[in-house]
Amino acid sequence: MKLKTLFFAAAALACTALVSCGGAESYKTPLVYPSDVSQSACMSEEDIENTEESYEVLVSGKDIIVKHYNIQAPKNTTMGILDREGNLSFENKYNYFYLEAGDHFISFQEAFRYSSSDEMCYYNLATRVTHISGGIYDFMIFNDKNELVYSKEVRIR
Numbered sequence: 011m012k013l014k015t016l017f018f019a020a021a022a023l024a025c026t027a028l029v030s031c032g033g034a035e036s037y038k039t040p041l042v043y044p045s046d047v048s049q050s051a052c053m054s055e056e057d058i059e060n061t062e063e064s065y066e067v068l069v070s071g072k073d074i075i076v077k078h079y080n081i082q083a084p085k086n087t088t089m090g091i092l093d094r095e096g097n098l099s100f101e102n103k104y105n106y107f108y109l110e111a112g113d114h115f116i117s118f119q120e121a122f123r124y125s126s127s128d129e130m131c132y133y134n135l136a137t138r139v140t141h142i143s144g145g146i147y148d149f150m151i152f153n154d155k156n157e158l159v160y161s162k163e164v165r166i167r
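For the sequence shown, our numbering assigns the number 11 to the initial residue and increments by one for each residue that follows.
Structure follows, in structure tokens:
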């Protein structure tokens, strides 16, 4: 009888400790709001210092900021992202877009709707990714041809 009471007390204490301390934050699927996708105006070669295309991934609190610089495309090209369901952010059909992700990776897919203009421009594209669980992720950027163009390890607290 004494052993049963001791076992019950130990089990109750363990349950209380687990509840009061909490466990790991539950996994959340990263998402992008349409208002967090921003495309620059058309810039000519004279408007920019360096015409080399480049990427930057920054962590800001629990968000990731993705910047793609000097994208050369026809004037009036529309840019955005493609979500895991195949929806395009620039079609404005949904209030948010889920990214493909897992416990250790986040996949970010760019999407462009090219215009038929003969005039070429340079664009910058910036996107804020929110709703990210704490952890370390391999953040991968895929271009509009579904080719991996950039990867960076990011740490979200």
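Don't be surprised by glycine CBs; every beta carbon is placed ideally from N, CA and C.
- Scanning its chain for C-beta atoms nearer than 7 Å, with the 5 sequence neighbours on each side dropped, one finds around Pro44 the residues Ser99, Asn102, in chain order.
- Between Val139 and Tyr124, the alpha-carbon positions lie close to 24 Å from each other.
- Every unbroken stretch of the beta strand (DSSP E) spanning 3 or more residues and falling wholly within the stretch 30-86 is given here in chain order: 47-49, 64-70, 73-84.
- Beyond the five residues adjoining it in sequence on each side, His78 comes within less than 6 Å, by CB distance, of Tyr65, Leu135 in the same chain, given in chain order.
- Secondary structure of Glu129 (DSSP, three-state): coil.
- By the criterion of a C-beta distance shorter than 7 Å, Glu62 is surrounded in its chain by Asn80, once the five residues flanking it on both sides are discounted.
- When beta bridges are read from the DSSP output, Leu135 appears opposite Gln49, His78.
- A check of alpha carbon separations from Asp46 across Glu55, Lys162, Asp128, Phe107 identifies Phe107 as the nearest.
- Close CB contacts of Lys162 within its chain, under the 6 Å cut and outside five residues either way in sequence, are with Val67, Phe149 (chain order).
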